[in-house]
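A quick write-up on the structure given underneath.
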Amino acid sequence: MLAGVIVHPYHGNQVGKEEKKWFADTFSKKIISDEIPVVSIDANQIIFLRIITKTVVQIHQKVN
Numbered sequence: 533m534l535a536g537v538i539v540h541p542y543h544g545n546q547v548g549k550e551e552k553k554w555f556a557d558t559f560s561k562k563i564i565s566d567e568i569p570v571v572s573i574d575a576n577q578i579i580f581l582r583i584i585t586k587t588v589v590q591i592h593q594k595v596n
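My numbering numbers the first residue of the sequence shown as 533 and each following residue consecutively.
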C-alpha cells in the first residue's frame, strides 16, 4: 500500500509495515482507535469553525 511505500525509505521496514496495517485498519476495515480524544465544543465554537472552514475553502478555490 501507498503508506508503506512512502514511509519505508525514511523510517525503515518495521515502521512501513506498521503504517500499512494502520492504514488498512483505519480506511479499509473502518476500525477506529479507542485512544481518540473526545472534544466538546459549544455553539459559538461551531459557528467560528464554520466561518474558518468557509474562508479556507474560498482561499483554496482562488489559489487553484
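No residue lacks a Cβ here, since even glycine has one placed at the ideal position from N, Cα and C. All of these numbers come straight from a predicted model, not from anything done at the bench.
Quick check on residue i: does DSSP put it in helix, strand or coil?
i	result
D557	helix
G544	coil
V570	coil
N596	coil
So, at 8 Å on beta carbons, what are the nonlocal neighbours of residue i in its own chain, with the 5 sequence-adjacent residues on each side left out?
i	result
V537	G548
Residues in its own chain within less than 6 Å of residue i by CB, not counting five upstream and five downstream?
i	result
H540	G548
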